[in-house]
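Residues in the sequence shown are numbered consecutively from 3, following our numbering.
Idealized CB from N, CA, C, for every residue including glycine.
Please read these numbers as outputs of a predicted model, since none were measured by experiment.
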Amino acid sequence: MVAAYWSTLRLFNRNVLLYLGATALLGFAVDGGVYAVIFNLYLLRLGFGPEFIGQVNSAGLFVFAVACLPAGALGGRWGSRPLLLVGMALMGLGAWLSALAELAAPGAPGGWLLVANMVVYLGMALYYTNAAPFIMEATTPAERNHLFSMQTAVLALAGFTGSLLGGFLPRLFALATGIPQEEPAPYRFPLFLTACLLLPALWALWQTRLAPPPGLSQAEGPGPVSPWLPRHRLARMGSSLLGLMLALIWIRFLQVAGVGAATTFFNVYMDQALQVKTAQIGLLTALGRLSAVPAALFTPILMQRWGAPQTVILASGATVLGLLPLAIGGHWAMAGLGFIGVAAASSIRYPAYMAFTMELVPPQWRATLSGAGEMAGGLSFAAMALVGGYVIAHYGYPPLFLLSAGLAFLGTVTFWRYFRDR
């Protein structure tokens, strides 16, 4: 089994390797890496509280959610590659604008930061909505499950190194400049760094060469062929494609709620409620990312043994269990262990979910389904960020994590019931 796994990985072509390289830089710099650790702490050092942090994050995530469906439509029209390039460029621009907040709007940087973060998430929407169709176009069916898992592992490993470095960067810049670490400036410089790191990622994506998107005659070709469900069940779902997509949107919204709360507020919770040092927060965040690497790489083996639907159910249930230590609260080690569990479980659920759902619809609908799914995930993140800020301000952190665990559990049960009955 292991030999077959590695032989499949060796099939990856030049386009796939360039894409994985760009994804690694994205994970290191923005999605889970330096930016993810620094941005909220930068807001805290500027004097903003949890409510504003929740508003900024929810606004960005709302933009992500709203942009996903148009991003899918644009990808279907122009191809996934151009949208990946534009998305990467926008993420770099947004990180650069975030670092300029104090200089561009010294009296009231809040509005500037709000818009800058929106630009970052607009770029993420364009990128991640078109990533799955790019993978489907760049690979054969034998490679896809492994590439979805490899993408998750690469993001996790890059996020690990980026978040680990991000935790130490403010202190390094403080020592280099003589500015106290309690000031915003040592957190501003790492944001400039994230923007610079995305330039070679843009170059890597520019070097990819894919065939033009299929024409109308090809798009009207064969329907979905899933290795996970019998043909008669696929035919039944295919007769109600809209119903299937709406169900998947709702399931994705619920399942992602737990990850959204943990990702958005873990570093703020550790900093404010538990008084944990920035370097230690970065280390725990990095360990969460690192745990996701073997989990993601092991996902194809789990899918081969249990099937993609069962793997999604088990990983989603494990996310619920990981949120409970955060909900109980009281000690940084317990909270850190819970966060690591959520990160590992999410890295199994996501590639299994994508591999499963992309095979449920005809090729011409994959960009739309990807956009709808990312929209649901973005709305879930946005809702948890917005509601979470107010819940924290009035009731504290544990009720927020308990609420997110309940929503994730509901998503797990809904997924199980929907595909069990078909």
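Roughly how many angstroms lie between the CA atoms of residue i and residue j, to the nearest whole one?
i           : j           : result
residue 106 : residue 418 : 50 Å
residue 152 : residue 109 : 45 Å
residue 360 : residue 368 : 6 Å
residue 112 : residue 183 : 21 Å
residue 350 : residue 262 : 16 Å
residue 244 : residue 370 : 11 Å
residue 133 : residue 50  : 34 Å
residue 124 : residue 372 : 15 Å
residue 56  : residue 13  : 43 Å
residue 230 : residue 78  : For residue 230, the predicted model reports a pLDDT of 49, less than 50, meaning its position is unreliable; a value from the coordinates is still stated below. Approximately 25 Å, taken between the alpha carbons.
residue 286 : residue 242 : 44 Å
residue 34  : residue 341 : 13 Å
residue 387 : residue 381 : 10 Å
residue 253 : residue 416 : 7 Å
residue 312 : residue 247 : 19 Å
residue 104 : residue 96  : 14 Å
residue 18  : residue 185 : 42 Å
residue 64  : residue 188 : 29 Å
residue 89  : residue 126 : 6 Å
residue 117 : residue 401 : 29 Å
residue 119 : residue 281 : 23 Å
residue 395 : residue 47  : 18 Å
residue 61  : residue 121 : 10 Å
residue 352 : residue 180 : 43 Å
residue 308 : residue 302 : 10 Å
residue 298 : residue 154 : 6 Å
residue 163 : residue 23  : 14 Å
residue 54  : residue 199 : 28 Å
residue 408 : residue 208 : 43 Å
residue 305 : residue 266 : 29 Å
residue 85  : residue 178 : 38 Å
residue 329 : residue 131 : 31 Å
residue 277 : residue 99  : 29 Å
residue 405 : residue 66  : 23 Å
residue 383 : residue 83  : 26 Å
residue 240 : residue 148 : Confidence in residue 240 is poor, its pLDDT being 48 and thus under 50, which makes the residue's placement unreliable; the coordinate value appears in the next sentence. One C-alpha to the other measures close to 26 Å.
residue 392 : residue 249 : 29 Å
residue 333 : residue 300 : 30 Å
residue 1   : residue 403 : Outside the modelled stretch of the chain, which goes from 3 to 424, sits residue 1, for which no answer is possible.
Name the residue from the options whose alpha carbon lies nearest to the alpha carbon of residue i.
i           : options               : result
residue 343 : 385, 376, 294 and 306 : 294
residue 331 : 136, 268 and 91       : 268
residue 317 : 168, 112, 274 and 413 : 413
residue 81  : 298, 211 and 260      : 211
residue 337 : 290, 379 and 380      : 290
residue 170 : 126, 288, 57 and 85   : 288
residue 74  : 377, 383 and 386      : 377
residue 411 : 353, 399, 101 and 256 : 256
residue 259 : 339, 334 and 379      : 379
residue 323 : 158, 309, 120 and 339 : 339
residue 335 : 271, 206 and 374      : 271
residue 358 : 146, 178 and 366      : 146
residue 160 : 292, 135, 43 and 276  : 292
residue 138 : 87, 391 and 364       : 364
residue 420 : 374, 405 and 315      : 315
residue 16  : 206, 333, 148 and 391 : 206
residue 397 : 166, 129, 52 and 310  : 52
residue 166 : 383, 391, 279 and 66  : 279
residue 194 : 333, 399, 273 and 44  : 44
residue 422 : 403, 87 and 310       : 310
residue 296 : 362, 158, 390 and 273 : 158
Could you tell me how far apart the beta carbons of residue i and residue j are, in whole angstroms, since I believe they sit closer than 8 Å?
i           : j           : result
residue 192 : residue 36  : 5 Å
residue 140 : residue 21  : 7 Å
residue 284 : residue 156 : Actually they are not in contact, since the Cβ atoms of residue 284 and residue 156 sit about 20 Å apart, beyond 8 Å.
residue 490 : residue 168 : The first residue shown for the chain is 3 and the last is 424, placing residue 490 beyond what the model contains.
residue 2   : residue 204 : Absent from the structure is residue 2, since the part of the chain shown begins at 3 and ends at 424.
residue 190 : residue 101 : 5 Å
residue 354 : residue 321 : Residue 354 to residue 321, Cβ: 13 Å. No contact.
residue 319 : residue 201 : At roughly 41 Å, the Cβ-Cβ gap does not stay under 8 Å, so residue 319 and residue 201 are not in contact.
residue 68  : residue 115 : That pair is no contact at about 19 Å.
residue 196 : residue 31  : 4 Å
residue 325 : residue 275 : The pair is not a contact, with the Cβ atoms about 16 Å apart (cut-off 8 Å).
residue 136 : residue 356 : Actually they are not in contact, since the Cβ atoms of residue 136 and residue 356 sit about 12 Å apart, beyond 8 Å.
residue 374 : residue 71  : 6 Å
If you measure from the CB of residue i, is any heavy atom of the ligand COA nearer than 6 Å?
i           : result
residue 321 : Here there are no bound small molecules, and the ligand COA is not part of this structure.
Practice problem: Please list the segments of the alpha helix (DSSP H) lying wholly inside the region 276–341, counting only runs of 4 or more residues, in order along the chain. | Solution: For the region 276–341, the full-length alpha helix (DSSP H) segments reaching 4 residues or more read 280–308 and 310–330 along the chain.
Quiz item: Can you list the beta strand (DSSP E) stretches of 3 or more residues lying completely in the region 145–186, in chain order?
Solution: Qualifying beta strand (DSSP E) stretches: none in this window.
Quiz prompt | Every unbroken alpha helix (DSSP H) inside the region 20–81 [4 residues or more] | solution = Along the length of the region 20–81, whole alpha helix (DSSP H) runs at least 4 residues long occupy 36–47 and 52–80, reported in chain order.
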